[in-house]
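In the UniProt record's numbering, the protein residues as written are 1 to 439.
See the structure below:
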């Protein structure tokens, strides 16, 4: 998809004129639907940036519209998947994250080229994250994910990457990651990416949950609950592609990316109910529920990140409790600092991605400390307030740093055709976190 800018509309080319006074959510909907509808090569103008159409400057509107148009235009490349083999996902990614071959002319009397390019980078990187989520699990193991990351970083000198596998993770003491993965035939991994930024400033550390497939372990999921568990690594995909986006736009601020990868498989070496594991922090955890594995990965990932970042942001498809509370359109978030929570809400509003803050606190935290064999448990027997209890578990590994956690089980996947997005991974919160990184 190609974007060009003209100051006036061209003759004899179809023109899409958007309604006036659109807020971000309605403009996102319009752009998504336009992108979704594009099936054939064509050329048209979008008269979207006249005064009164959008509640912001023309450049901001162009950036937002471009990103949302690409989001709606995404189609997973089913035919390209037939060409996939070990090691070539990165080479095929533009065919796997397919968008129509069209030219979109953005009409504005103001200069919007730079903003449009930024929106294109955001939409493109978000679609790459969606593509990684949409890949079948046997096409994207932890090994494949690591290789993809290595190839991505090789093309971007401003990024660096370290990968820790089973031996290094054992030496480091990453008991949470290793325990989740111990029945898998593929070694676990912890990816550590760095982006230096254009200047000095506080370091934001992004942590993404990377469960490559979640069977539930010994607490085996039902067929219905297991459907879509290839998407349990969408948080990790988001973090990898957010680092790519930061490098591509030369983001001003330094970033760290931490992605723990594991597969929650079933076998004779599976983690068992009642097992006690030692986390990277040195704290011991009784595993009451083997299907509450994501918090074990994120616990190690957050502690690793807390030693390197000034503020922490984690993304994960963590609890069904959050989806039951907020549905499939709104992402739940938790935060331990009011200033950061305000920034999260401002970034989410600016990106048209709805969020709702959920509570932390002692009333939930105490449900983690009932065990007699470990410092804490990964689950509570009565199953109430599950999202908040999971958030409290993660907070224990942040070392008191400013921290925000996005629980995105519902919005991470589009489960039915809706005229806006293809079914599959959505890249939810990608745009919001991208905006947050610049605040």
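Think of the CB as a built atom: it goes at the ideal place given N, C-alpha and C, for glycine as much as any other residue.
Secondary structure in the stretch 124 to 165: the alpha helix (DSSP H) runs of 4 residues or longer, each lying completely within the stretch, are 142 to 154 in chain order. Take residue 147, set aside five residues on each side of it, and the residues of its chain with a beta-carbon closer than 6 Å to its own are 87, in chain order. Judged by DSSP in its simplified three-state form, residue 376 adopts strand.
In this chain, the beta strand (DSSP E) harbouring residue 264 covers 255 to 264. About 13 Å separates the CB atoms of residue 295 and residue 409; that is not less than 8 Å, and the two are not in contact. Under a 10 Å Cβ-count criterion, residue 255 is classified as buried, with 16 or more other Cβ atoms of the shown protein chains found around its own Cβ. Between residue 62 and residue 108 a beta carbon distance of about 7 Å is seen, short of the 8 Å cut, so the two are scored as contacting. Within a 10 Å sphere around the beta-carbon of residue 220 sit fewer than 16 other beta-carbons, which makes this residue exposed. Segment contact: the stretch 124 to 132 against the stretch 154 to 172, fewer than three CB-CB distances shorter than 8 Å; contact not assigned. Non-local C-beta neighbours of residue 399 in its own chain, meaning closer than 8 Å and more than five positions away in sequence, comprise 303, 306, 307, ordered along the chain. Where residue 59 is concerned, the enclosing alpha helix (DSSP H) starts and stops at 58 to 73. Taking a C-beta distance under 8 Å as the contact criterion, residue 32 and residue 416 do not qualify as a contact pair. One Cα belongs to residue 297, the other to residue 381, and the distance between them is close to 21 Å. In the structure shown, residue 285 adopts extended strand secondary structure according to DSSP, grouped into three states. The C-alpha of residue 233 is placed about 18 Å away from the C-alpha of residue 391. Between residue 103 and residue 1, the alpha-carbon positions lie close to 6 Å from each other.
Nearest C-alpha to residue 133 among 173, 190, 185, 209: 209. Under the 10 Å beta carbon count, residue 175 is surrounded by 16 or more other beta carbons and is classified as buried. Shown here for residue 239: same chain residues with a beta carbon closer than 6 Å to its own, the five before and five after excluded, namely 206, 208, 257, 259 in chain order. Assigned with DSSP and collapsed to three states, residue 184 falls in coil, not helix or strand. Around the Cβ of residue 85, a 10 Å sphere holds fewer than 16 other Cβ atoms; the residue is exposed.
Assignment of beta-bridge partners to residue 356 by DSSP yields 332. Counted as a single uninterrupted DSSP element, the alpha helix (DSSP H) harbouring residue 223 occupies residues 223 to 226.
Taking residue 301 as the centre and dropping the five residues before and after it, the same chain places the C-beta of 207, 258, 260 closer than 6 Å to its C-beta, in chain order. Nearest to residue 229 by C-alpha distance, out of 235, 332, 211, 153, is 211. Taken atom to atom, the span from the alpha-carbon of residue 173 to that of residue 216 is near 23 Å.
Counting along the chain, the unbroken alpha helix (DSSP H) around residue 306 starts and ends at 294 to 306.
The three-state reading of DSSP puts residue 384 in coil, since its state is none of H, G, I, E or B.
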